[in-house]
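One structure is given below, encoded as structure tokens.
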DNA sequence: GTTAGCACTCAATGTCGTCGAGTGCTAATC
DNA sequence: GATTAGCACTCGACGACATTGAGTGCTAAC
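Residue numbers (full-length UniProt numbering), protein chains in the order written: chain A, 1 to 342; chain B, 1 to 342.
Okay, structure coming up:
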């Protein structure tokens, strides 16, 4: 479809634009050491590339800027990532190792480090708890009226909530209840815990425990509801958006930052449609507010089972090579770390 | 110090400026229904007020703007808050009641609602856990190498962390350990738990449990370290900063938003030097980055014991009356809600 | 096929004059 | 003596305009 020279020029233009954020002209391309043509020749090629839809001109007497299609071609055919940034990889690994204290924070840390290293915004989706199973259930009474219900899943995830204690239920009844639950529900997938509670625990409870109905209602409130099995979302470097010249307009940036505050929207933006690395450029993103942003996502998986996604949000003029290379490493490293618990 | 008329005029100027964000001139003050003087008279008074340091002039032919001293006088002597905004109070209470599901989220919700209602940024400092005592300790083994350690405090706060299990320690030993800890440490203030662990639990453990040293080391990692008893910080409406005309400069706003990402700094900014409501205007704030912001804080207390702080960060040109009134109500309501657990 | 040369375009930048909101002073008025 | 009308003055905001220069497209020469 494109001649070798066109590809080379397109590549040079995208590279230049990514660095400078300014429309690139024929002269500056011609001056590059890897290009041996005069500005006039470059101009002719640029004109062709524009006609083909790979480049755009902000106005008549300005240089060219890559179009969405141009970026797409660049990402699909021109950029070569991988072994070329061992520095970044080392840097990431040393940061990451240093901060890896708490497991719950792996994702938060990864997002922060990525944001730092790229100067873009980073988003991480945690593993869905849908696939976890119940490991342990506990009720800790705080006083006569309130208790804390704690649920531990097979992956070490801990959820807790405050619940009112039904009046008249004795401490021994509570203990019996907890024992029955642990005996019967341990190992059951979280998704099916609530239904199992009714189908199998109900009878058992009614036999051994007084105030059966109140206890059941209490238990129902103690367990995570269905809609809480969602991805957990971690955000890093949200304010990096402000450093990008394309977002110097306060209103535009406000729209995006507000978006970043909405967990469900974030989750939607990031959700991959395929495993591995995925690049969505500009209007390829469904959400209109980020139509001049690009999103690069990488899924991480253990034993072939996809656990979550980590991604970078930046301007369409993004350093694709660097980000893709980094995300590749990060997703693998995270999978390796998480494999301990899955 | 100031004549009645000067006070009235200063009040009018601050009011106007808070609403318009633009230097206010003598004419616009003269036109207000509650002021019966000609622009010339106002001008003379304004000139005096400027000489006294309550007003400033951006440039010769512009109107006047309140100085820090002017705001200070306004807050101390002119603004009357309290009964005058029952609408806001009702609005807040209805929002708050609606969202009050999870206790851990009280502060987050309060911060969000406040930010929403004021269009400023809201920060809430949670109760320090220093004063809590241990309620329950639990170890949940996930597999042969890892376990989850869970600590519940007397206030229902749950902390959990992933720890490696020392090799060779049996499940029964773990159970014994947990039982001893719960028997000996329940009711002990969190601050003294670690020292108590060595002074009293050590001997006991060595008598009943194998691999005593490893278990002790494991327990040490299981308990929250001293530096984790800090305030927890919740932030609401950080992006509201972007809507204020004084922060239309991207760089300035970036400095502030970056600040808001640093929990310790936030905590320092908000920490009150006295109980009740406190207003810090502009350079009265120690942190240079917010020298043209004002911070209004309210402490909330149960039984005379201060638990935490909730505050608002906005431009010096802030609606002090509204914010102070709201914070007063919010801090009381929060105290009432939290009193259930303290 | 490539490139030098040249006319052309157009945003960015700078200069200048106008406008108007606002001040400060003085003299008239209450 | 306090207040106010009147007026000259200041200075940023804004629009009109000319200038500049980076960049293009086209044509003709290489």
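Note that beta-carbon positions come from the ideal geometry of N, C-alpha and C, so glycine has one too. In this text the structure is predicted, and so the values were computed from the model without any measurement.
For residue i, the residue or residues it bridges with in DSSP
| i | result |
| --- | --- |
| residue 280(B) | 295(B) |
| residue 123(B) | 235(B) and 311(B) |
| residue 159(B) | 151(B) |
| residue 183(B) | DSSP lists no partner for residue 183(B). |
| residue 300(A) | 308(A) |
| residue 146(B) | 164(B) |
| residue 347(A) | There is simply no residue 347(A) to check, as chain A begins at 1 and stops at 342 in what is shown. |
| residue 141(A) | 147(A) |
| residue 134(A) | 153(A) |
| residue 383(B) | A question about residue 383(B) goes unanswered here, because the residues of chain B that appear run from 1 up to 342. |
| residue 189(A) | 133(A) |
Nearest-angstrom Cα separation, counted from residue j out to residue i
| i | j | result |
| --- | --- | --- |
| residue 260(B) | residue 50(B) | 34 Å |
| residue 88(B) | residue 94(B) | 10 Å |
| residue 316(A) | residue 297(B) | 41 Å |
| residue 188(B) | residue 127(B) | 18 Å |
| residue 19(B) | residue 8(B) | 17 Å |
| residue 108(B) | residue 124(B) | 7 Å |
| residue 303(A) | residue 75(A) | 28 Å |
| residue 13(A) | residue 292(A) | 18 Å |
| residue 55(B) | residue 312(B) | 24 Å |
| residue 294(B) | residue 277(B) | 13 Å |
| residue 21(B) | residue 225(A) | 47 Å |
| residue 175(A) | residue 182(A) | 11 Å |
| residue 264(B) | residue 284(B) | 19 Å |
| residue 333(B) | residue 86(B) | 14 Å |
| residue 267(A) | residue 231(A) | 7 Å |
| residue 323(B) | residue 217(B) | 49 Å |
| residue 242(A) | residue 243(B) | 14 Å |
| residue 194(B) | residue 158(B) | 17 Å |
| residue 47(A) | residue 237(B) | 47 Å |
| residue 117(B) | residue 288(A) | 27 Å |
| residue 79(B) | residue 252(B) | 29 Å |
| residue 27(A) | residue 2(A) | 21 Å |
| residue 318(B) | residue 16(B) | 11 Å |
| residue 256(B) | residue 197(B) | 43 Å |
| residue 39(A) | residue 77(A) | 24 Å |
| residue 131(B) | residue 290(A) | 46 Å |
| residue 258(A) | residue 192(B) | 43 Å |
Integer Cβ distance of residue i from residue j, believed to fall under 8 Å
| i | j | result |
| --- | --- | --- |
| residue 336(A) | residue 235(A) | That belief does not hold up - the Cβ atoms of residue 336(A) and residue 235(A) are roughly 23 Å apart, past 8 Å. |
| residue 310(A) | residue 320(A) | Actually they are not in contact, since the Cβ atoms of residue 310(A) and residue 320(A) sit about 16 Å apart, beyond 8 Å. |
| residue 178(B) | residue 141(B) | That pair is no contact at about 11 Å. |
| residue 180(B) | residue 205(B) | 6 Å |
| residue 71(A) | residue 281(A) | 5 Å |
| residue 250(A) | residue 254(B) | Actually they are not in contact, since the Cβ atoms of residue 250(A) and residue 254(B) sit about 11 Å apart, beyond 8 Å. |
Residues of its chain near residue i, where Cβ-Cβ distance is below 7 Å and the 5 sequence neighbours each way are ignored
| i | result |
| --- | --- |
| residue 135(B) | 152, 153, 154 and 186 |
| residue 58(A) | 23 and 65 |
| residue 240(B) | 115, 119, 120 and 121 |
| residue 25(A) | 63 |
| residue 69(A) | 53 and 54 |
| residue 92(B) | 113, 117, 326, 329 and 330 |
| residue 45(A) | 5, 6 and 9 |
| residue 32(B) | 12 |
| residue 37(A) | 30 |
| residue 202(A) | 216 |
Cβ neighbours of residue i in the same chain (closer than 8 Å, five flanking residues each side left out)
| i | result |
| --- | --- |
| residue 35(B) | 8, 9, 12, 29 and 42 |
| residue 306(B) | 275, 299 and 300 |
| residue 146(A) | 162, 163, 164 and 165 |
| residue 308(A) | 107, 124, 125, 126, 127, 128, 231, 299 and 300 |
| residue 200(B) | 184 |
Cβ-based neighbour list, residue i, same chain, cut-off 6 Å, excluding 5 preceding and 5 following
| i | result |
| --- | --- |
| residue 339(B) | 302 |
| residue 160(A) | 148 and 150 |
| residue 168(A) | 211 |
| residue 246(A) | 315 |
| residue 208(B) | 176 |
| residue 272(A) | 278, 297, 299 and 309 |
| residue 214(A) | 166 |
Proximity test, residue i beta-carbon vs the ligand PLP heavy atom, cut-off 6 Å
| i | result |
| --- | --- |
| residue 198(A) | Within the structure as shown, the ligand PLP is missing, as the structure has no ligands at all. |
request  = Could you tell me which uninterrupted alpha helix (DSSP H) segments, each at least 4 residues in length, are contained entirely in the stretch 39-121 of chain A, listed from first to last along the chain?
outcome  = 39-51, 68-73, 86-99 and 106-118, all fully within the stretch 39-121 of chain A.
request  = Could I get the ranges of all uninterrupted alpha helix (DSSP H) runs contained in the stretch 232-276 of chain A, with 4 residues as the minimum, in chain order?
outcome  = Entirely contained in the stretch 232-276 of chain A, the alpha helix (DSSP H) runs reaching 4 residues are, in chain order, 250-261 and 263-270.
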